[in-house]
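Trainee: Sharing a structure with you now.
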Amino acid sequence: MTHPSDTSELLGILDFTEYEEQALQGLIEIGRTTAPDLSEATGIPKARIYGVLEELADAGYIKIIPGRPKEYESKPPAEILEQATENERQAYKSYEQTIEQNRDAFLSAFEPLYASGSSETSPTEELFYVVDVGEPSERKTRGLYHDATEQIHILTKSFEYFDAVEPAVADALDAGRTINILFLDPELLDAGNRDIQRSIIERIRTEYPAIDIRFSATRLPWRGTIIDPSMDYDSGQAILLVEEKDIPLHKRQAAVTENGSFVAGLNRYFELTWAYDTLAEDPYA
869 MTHPSDTSEL LGILDFTEYE EQALQGLIEI GRTTAPDLSE ATGIPKARIY
919 GVLEELADAG YIKIIPGRPK EYESKPPAEI LEQATENERQ AYKSYEQTIE
969 QNRDAFLSAF EPLYASGSSE TSPTEELFYV VDVGEPSERK TRGLYHDATE
1019 QIHILTKSFE YFDAVEPAVA DALDAGRTIN ILFLDPELLD AGNRDIQRSI
1069 IERIRTEYPA IDIRFSATRL PWRGTIIDPS MDYDSGQAIL LVEEKDIPLH
1119 KRQAAVTENG SFVAGLNRYF ELTWAYDTLA EDPYA
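Sequential numbering from 869 applies to the sequence shown in the numbering used here.
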């Protein structure tokens, strides 16, 4: 049996107000009923119950049955979830339209201010900036996968963050991007990371066979992602995290660069390792 606290948590993901949550749960449990009866069953004040039910009906979660008095009925749980998804999609579409409608005005107002405030940057700042490791670095990595127009090169120990970036990986492959992943030799990993690596590689080879995988025979001094490098030094981006054994991962920062020369140098390391310092045999074959 599902306890009230459990159902409250489940309804909580749909971002209802407290009264909306109580009213919808009441209708799901009681079935078709009137506003006064639902008010009595749930404790929602009679002065508020009609407004709450109107909000739920407008959002598509319940049905109003005309009559004297009106009656209210919850839609089936599966339809509630579908409606919640559709509501969020419509809200995002509206938000996106608002952004696009104001894009020119926003850029006209703020780009000159940004240019004047950013005129004095140091050589280091022009070379790279940093983001915290975790959600910020994962978000930036997803952005790189999206921005790539040709190549994506990944250096990683076990790709433990694959779940966080998998949709972006799939989109990049669908868009025709080439993805190469350089994993660390599993013999150089501890048991926990080795298990993670094995599991991730099995998923990639099953679900994304177009991705090329090799294993570095020696330890990687840094990990990260490189996109669209050019030996003309005029394109490319990268995010990298250097190996720092004594610093917990959540306290580290990743470097992000859009400097074409720096990206070309990072890619040169990737290419040389890929060609000359990888295992001759697949450890998972």
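The beta carbon of each residue, even a glycine, is placed where N, CA and C say it ideally should be.
1) Judging by CA-CA distance, which residue of L879, R1045, P904 and F974 is the nearest neighbour of I896?
2) Where does Y940 fall in DSSP's three states?
3) Starting from the C-beta of G1104, find all residues in its chain whose C-beta is less than 8 angstroms away, skip the five residues before and the five after it, and write them out in chain order.
4) Quick check on the burial criterion: 16 or more other C-beta atoms within 10 angstroms. Buried or exposed for V998?
5) For I1094, write down the residues that DSSP places opposite it in a beta bridge.
6) So for V1001, helix, strand or coil by DSSP?
7) Have a look at I1079, I967, D926 and E908 and flag the residue whose alpha-carbon is nearest the alpha-carbon of R1045.
8) In whole angstroms, give me the CA-to-CA distance for R1010 and A1016.
9) Counting Cβ pairs, one atom from each stretch, are 3 or more of them under 8 angstroms apart for the stretch 973 to 985 and the stretch 1064 to 1077?
10) Kindly indicate the opening and closing residues of the alpha helix (DSSP H) around K961.
11) Can you give me the C-alpha to C-alpha distance between P913 and S907, rounded to a whole angstrom?
12) So Y1101 and V1037 are supposed to be a Cβ contact under 8 angstroms. How far apart are they, rounded?
13) Hey, could you find the ends of the alpha helix (DSSP H) F1030 is sitting in?
Mentor: Quick answer:
1) For the purposes of this step, residue 896 is taken as residue 28 along the sequence shown, with counting starting at 1. It is L879 whose Cα lies nearest to the Cα of I896.
2) Translated into positions along the sequence shown, residue 940 becomes position 72. Y940: strand per DSSP, three-state reduction.
3) The sequence position of residue 1104 within the sequence shown is 236, counting from 1. The answer, listed in chain order, is I1094, I1095, D1096, P1097, S1098, E1126, G1128, V1131, A1132 and N1135.
4) Here the question's residue 998 lines up with position 130 in the sequence shown. With fewer than 16 other Cβ atoms within 10 Å, it is exposed.
5) For this step, residue 1094 is matched to residue 226 along the sequence shown. H1021 and A1106, per the DSSP bridge assignment.
6) Numbered from 1 along the sequence shown, position 133 holds the residue referred to as residue 1001. In this structure, V1001 counts as coil in the three-state DSSP scheme.
7) For the purposes of this step, residue 1045 is taken as the residue at position 177 of the sequence shown. Among I1079, I967, D926 and E908, the Cα nearest to that of R1045 is on I1079.
8) Residue numbering aside, residue 1010 sits at position 142 when the sequence shown is read from its first letter. Residue numbering aside, residue 1016 sits at position 148 when the sequence shown is read from its first letter. Going by the C-alpha atoms only, they are around 10 angstroms apart.
9) no
10) Against the sequence shown, residue 961 aligns to sequence position 93. Counting along the chain, the alpha helix (DSSP H) containing K961 begins and ends at P945 to Q969.
11) Walking along the sequence shown from the start, residue 913 turns up at place 45. Walking along the sequence shown from the start, residue 907 turns up at place 39. In a straight line, the C-alpha of P913 is about 6 angstroms away from that of S907.
12) Translated into the one-based positions of the sequence shown, residue 1101 becomes position 233. Translated into the one-based positions of the sequence shown, residue 1037 becomes position 169. Rounded, the Cβ-Cβ distance is 27 angstroms, inconsistent with contact.
13) Here residue 1030 is taken as the residue at index 162 of the sequence shown, counted from 1. Its alpha helix (DSSP H) spans residues F1030 to D1042.
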